[in-house]
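As structure tokens, the structure follows; a few thoughts come after it.
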């Protein structure tokens with residue numbers, strides 16, 4: 005996959021979904037989710053953007069499995085979608101912080117991070133892949149720190165492990181999905197550091213990219229992907245990342 009063009013110098017116009025494509029953004033209330041929706045609505049080829057979050061009707065909450073199934077059922081008549089984006093994730097929250105050592109691991113925090121970053125997304129794959137067009141694309145937001153091979157600093161146990169689990173879930177689903185839908189694309193994407201509540205407390209936030217820029221870059225990576233890339237793990241620059 006080639007790197008996407010500079011998003012600051014070209015208007016968004018996705019080519020791989022055909023005319024009047026329909027998109028679904030799950031996690032539309034977050035910084036990247038909102039940016040995805042705005043970018044897609046600016047694309048003259050996009051006929052419809054459907055938003056899902058804890059605050060929409062129907063509501064989808066990754067910590068509430070029945071809500072995931074119910075949301076998919078409620079939207080079934082609107083499908084198929086040519087593009088589905090899962091723009092969710094948790095790194096920190098009240099009483100949850102990235103662990104600097106094994107001694108900092110707490111069961112409750114570990115379970116919550118896995119629920120939002122891995123278990124909930126697994127159910128999203130289960131219930132929403134049937135709504136994906138046979139030649140469409142579904143992408144989930146992962147993180148480069150979820151790469152086992154790339155881990156050289158340690159720490160951040162729950163976040164790293166939950167994103168590694170997400171990558172495995174996506175890869176496994178892509179293999180199964182390809183047996184019936186060989187033209188579909190399932191992608192795991194690293195957005196980089198983005199201006200958001202997720203990145204705000206950490207080093208590197210000063211160099212974070214605006215959400216609008218990150219969303220445009222990720223959409224171009226998806227657009228330039230092919231069925232042969234399905235199940236792959238890519239950066240916002242189109243680089244294939246190690247597992």
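Residue numbers (this note's numbering): 5 to 247. From the three backbone atoms N, C-alpha and C, an ideal C-beta is built for every residue, glycine too.
When the five nearest sequence neighbours on each side are left out, the beta carbons in the same chain lying within less than 7 Å of the beta carbon of residue 102 are those of 95, 96, 159, 160, 163, in order along the chain. Exposure of residue 230 is indicated by the presence of fewer than 16 other C-beta atoms within 10 angstroms of its C-beta. Around the Cβ of residue 38, a 10 Å sphere holds 16 or more other Cβ atoms; the residue is buried. Sequence-distant Cβ neighbours of residue 55 in its own chain, meaning closer than 7 Å and more than five residues away, are 29, 32, 41.
For residue 94, no beta strand (DSSP E) segment is defined, and its DSSP state is neither H nor E. In the three-state reduction of the DSSP assignment, residue 29 falls in the strand class. Taking a C-beta distance under 8 Å as the contact criterion, residue 169 and residue 122 qualify as a contact pair.
Per the Cβ contact rule, the segment 134 to 148 is in contact with the segment 86 to 93 (3 or more Cβ pairs under 8 Å).
Of the candidates 189, 165, 47, 200, 165 places its Cα closest to the Cα of residue 120. DSSP places residue 181 in no beta strand (DSSP E) but in the uninterrupted alpha helix (DSSP H) bounded by 161 to 184. Taking a contact to require three or more Cβ pairs closer than 8 Å, the segment 140 to 153 and the segment 109 to 116 do not qualify as touching. For residue 140, the enclosing beta strand (DSSP E) covers residues 136 to 145. Residue 21 sits in coil when the DSSP states are folded into three classes, being neither helix nor strand. Where residue 221 is concerned, the enclosing alpha helix (DSSP H) starts and stops at 215 to 227. Each residue's CA atom was taken as its position, placing residue 243 and residue 78 some 36 Å apart. Annotated as distal: residue 191 and residue 147, with beta-carbon spacing of 8 Å or more. Distance between residue 214 and residue 105, taken at the CA atoms: about 31 Å. Taking C-beta atoms as the reference points, residue 48 and residue 26 fail to come closer than 8 Å. Restricting attention to 184, 116, 53, 222, the CA atom closest to the CA of residue 197 is found in 222.
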